[in-house]
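Using full-length UniProt numbering, read the sequence shown as starting at 1 and increasing by one per residue.
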Amino acid sequence: MTNYKFLIIIKLDNDEVGRGATQKIMMIARCNYQCFDNHPMNFKDVNDELIHKSLLLSTDL
C-alpha cells in the first residue's frame, strides 16, 4: 500500500470533455497522489449541483 502525502479530488463537468480530462489528470497524477473522481452525477456541472442544493435548502416545507 502506498502512503500518499496529498489527495486530489477532481470535480470537473459531467460531460464527455470533463470526464476525459478527469481520466487524463488521474493517469498523470496517480503515481504521486491519491485521486478521486467526484464529478456531479445528476447535473451537468458543479454550479448546477450547488444551485439545486441551495433551492432545496431555501424551499419551505
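No residue lacks a Cβ here, since even glycine has one placed at the ideal position from N, Cα and C.
With a 10 Å radius around its C-beta and 16 neighbouring C-beta atoms as the bar for buried, classify Thr-22 as buried or exposed.
As a first step, residue 22 is located in the sequence shown; it is residue number 22 there, counting from the start. Buried, because 16 or more other Cβ atoms sit within 10 Å of the Cβ of Thr-22.
What residues match up with Phe-36 in a beta bridge as DSSP calls it?
The residue labelled residue 36 in the question sits at position 36 within the sequence shown. Beta-bridge pairing links Phe-36 to Ile-9.
Contact between the segment 7-15 and the segment 38-49 is defined here as three or more beta-carbon pairs at a separation below 8 Å; is this criterion met?
Touching, yes, given that three or more Cβ pairs across the two stretches are closer than 8 Å.
Span of the alpha helix (DSSP H), counted from its first residue to its last, around Asn-47:
To locate residue 47, count along the sequence shown from 1; it is residue 47. Unbroken alpha helix (DSSP H) run through Asn-47: 46-58.
Could you give the DSSP three-state label for Arg-30: helix, strand or coil?
Your numbering for residue 30 matches position 30 in the sequence shown. Reduced to three states, the DSSP call for Arg-30 is coil.
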